[in-house]
Amino acid sequence: MEFTYTPPDVPLNILYQDAQIIVANKPEGLLSVPGKLEGRADCLITRLQAEYWDALVVHRLDCDTSGVMIFARTKQAQGFLGQEFEHRRAKKTYVARVLGEVAGEAGRIDLPLSVDWPNRPRQMVNFDQGKPALTDWQVIGRAPGETRMQLSPLTGRSHQLRVHMLELGHPILGDQIYAPETRADHSRLMLHAETLGLHHPETGNWMSFTADCPF
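The structure is reproduced here in structure tokens:
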């Protein structure tokens with residue numbers, strides 16, 4: 127499954143910075159880190175490092191997803207923040223527009239995920255070998271033929287929100303991997319990392335960052 131990579135030519139959008147961390151709003155269509163294939167070196171971390179030489183990767187967002195990302199500026203901060211994610215202390219919320227009208231107002235999806243090897247980069251539900259994956263969801267808006275959701279992943283599996291919503295019967299609009307039939311009407315994946323909360327690596331204080339949803 128191949129896609130043309132045409133990263134957006136937009137300036138850095140820095141939400142917060144200090145001596146320990148940098149928080150940025152990643153645009154849709156830009157890789158978080160360099161891709162393995164040729165022509166995919168342009169990404170948010172390399173753009174950041176051109177301006178902040180000490181920026182270090184902590185986590186990732188899918189290329190097609192926009193929103194809040196945090197970067198460390200020291201190895202110690204990187205280790206601390208990595209633990210925030212690994213031990214599920216970091217709290218993330220996403221906004222998604224999904225196909226169809228979701229029944230109910232809130233719920234939890236508990237479906238283990240693994241790579242769909244013959245169809246990479248697709249992921250799939252796999253009860254035998256998949257890793258645990260949990261997503262809380264809440265309806266925040268309704269329109270004809272679609273539903274606006276707030277999604278809170280409790281785990282950080284690859285494509286977790288995209289596959290979980292697909293399994294719920296309501297794929298995310300504009301998803302060229304899991305719902306290509308919706309791509310004609312939506313120029314992007316309708317998934318945005320809106321908030322990220324965690325403890326500051328130096329002070330230990332709880333901090334929360336928000337990037338306004340663009341759709």
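Numbering (the numbering used here), first residue to last: 127 to 341.
For every residue, glycine included, the Cβ atom is placed at its ideal position computed from N, Cα and C.
#1: Please tell me whether V184 and V228 are closer than 7 Å, where the distance is taken between their beta carbons.
#2: Taking the beta strand (DSSP E) that Q255 belongs to, which residues open and close that run?
#3: Write down the C-beta distance between L287 and L260 rounded to the nearest angstrom, noting that I regard them as a contact closer than 8 Å.
#4: Determine the closest residue to P327 out of D135, R215, L141, P133, with distance taken between C-alpha atoms.
#5: What is the rounded straight-line gap between the Cα of H285 and the Cα of E164?
#6: Quick check on the DSSP output: what are the complete alpha helix (DSSP H) runs of length 4 or more inside the segment 144-206, in order along the chain?
#7: Taking only three categories from DSSP, how would you classify M316?
#8: Would you kindly work out how many angstroms separate the C-alpha atoms of L108 and L138, rounded to a whole number?
#9: Please say whether V194 and A337 have beta carbons closer to each other than 7 Å?
#10: Can you tell me whether I147 is buried or exposed? The criterion is at least 16 other CB atoms within 10 Å of its CB, across all chains shown.
#11: Given this structure, state the Cα-to-Cα distance separating A181 from L207, to the nearest angstrom.
#12: Based on DSSP bridge pairs, tell me the residues matched to L322.
#13: Closer than 8 Å by C-beta to F129: which residues in its own chain qualify, once you throw out the five before and the five after it? Chain order, please.
#14: So is A145 buried or exposed if we call it buried at 16+ other beta carbons inside 10 Å?
#15: DSSP three-state call for E272: helix, strand or coil?
#16: Can you tell me which of the three DSSP states P306 falls into?
#17: Determine which residues share a DSSP beta bridge with Q264 and list them.
Concretely, from the data shown:
#1: As a first step, residue 184 must be located in the sequence shown, where it is residue number 58. As a first step, residue 228 must be located in the sequence shown, where it is residue number 102. Not a contact, by the Cβ cut-off of 7 Å.
#2: As a working mapping, residue 255 is identified with position 129 in the sequence shown. For Q255, no beta strand (DSSP E) encloses it, and the DSSP letter there is neither H nor E.
#3: Numbered from 1 along the sequence shown, position 161 holds the residue referred to as residue 287. Numbered from 1 along the sequence shown, position 134 holds the residue referred to as residue 260. Incorrect: roughly 11 Å between the Cβ atoms, too far for contact.
#4: On the sequence shown, residue 327 is found 201 positions in, with the first residue counted as 1. Measuring from the Cα of P327, the nearest candidate turns out to be R215.
#5: If you number the sequence shown from 1, residue 285 lands on position 159. If you number the sequence shown from 1, residue 164 lands on position 38. Taking the straight line from one Cα to the other gives about 22 Å.
#6: Runs of the alpha helix (DSSP H) spanning 4 or more residues and lying entirely within the segment 144-206 occur at 170-177, in chain order.
#7: Numbered from 1 along the sequence shown, position 190 holds the residue referred to as residue 316. Correct three-state label for M316: coil.
#8: Any property of residue 108 remains undetermined from this structure, which presents the chain solely from 127 to 341.
#9: Counted from its first residue, the sequence shown places residue 337 at position 211. Counted from its first residue, the sequence shown places residue 194 at position 68. For A337 and V194, yes; Cβs fall inside 7 Å.
#10: Looking up residue 147 in the sequence shown gives position 21. Looking at its Cβ environment, which holds 16 or more other Cβ atoms inside 10 Å, I147 is buried.
#11: On the sequence shown, position 55 is the one that residue 181 refers to. On the sequence shown, position 81 is the one that residue 207 refers to. Answer to the nearest angstrom: the Cα atoms are 13 Å apart.
#12: Within the sequence shown, numbered from 1, the residue matching residue 322 stands at position 196. DSSP, once it has assigned bridges, lists K218, F335 as partnering L322.
#13: For the purposes of this step, residue 129 is taken as the residue at position 3 of the sequence shown. Same-chain partners within the cutoff: Q302.
#14: Walking along the sequence shown from the start, residue 145 turns up at place 19. So A145 counts as exposed.
#15: Within the sequence shown, residue 272 is the residue found at index 146, counting from 1. E272: strand per DSSP, three-state reduction.
#16: Your numbering for residue 306 matches position 180 in the sequence shown. Helix.
#17: Position 138 of the sequence shown holds residue 264. Answer is A232, Q276, bridged to Q264.
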